[in-house]
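Asker: Residues 402 to 441 in the numbering used here are what the sequence shown spells out, letter by letter.
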Amino acid sequence: MRIIGGEFRNRRLLAPKGQDVRPTGERVREAIFNIIYSQM
402 MRIIGGEFRN
412 RRLLAPKGQD
422 VRPTGERVRE
432 AIFNIIYSQM
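So this is what it looks like as structure tokens:
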């Protein structure tokens with residue numbers, strides 16, 4: 402996985418061993434940020 406924005410963009414993250422980790426889809430990510438933004 403990779404950070405796609407902000408101060409730490411383009412850094413890679415290592416997933417914990419033994420756990421399945423899937424990146425969040427673009428549409429889901431956009432929806433989450435829209436919800437958070439509307440709460441601010």
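Glycine is no exception: its CB is placed at the ideal position from the N, C-alpha and C atoms. Just so it is clear, the structure is predicted and the values come from calculations on it, not from any experiment.
If you run the structure through DSSP and keep just helix, strand and coil, what is Arg-428?
Answerer: Looking up residue 428 in the sequence shown gives position 27. The answer is helix: DSSP assigns Arg-428 an H, G or I state.
Asker: Could you give the distance in angstroms between the alpha-carbon of Gln-440 and the alpha-carbon of Pro-417?
Answerer: Working through the sequence shown from its first residue, we reach residue 440 at position 39. Working through the sequence shown from its first residue, we reach residue 417 at position 16. If you take the alpha carbons of Gln-440 and Pro-417, they lie about 31 Å apart.
Asker: Rounded to the nearest angstrom, how far is the Cβ of Leu-414 from that of Ile-404, given a contact under 8 Å?
Answerer: Residue mapping note: residue 414 aligns to position 13 of the sequence shown, counting from 1. Residue mapping note: residue 404 aligns to position 3 of the sequence shown, counting from 1. Going by Cβ atoms, the distance from Leu-414 to Ile-404 rounds to 7 Å, so yes, they are a contact pair.
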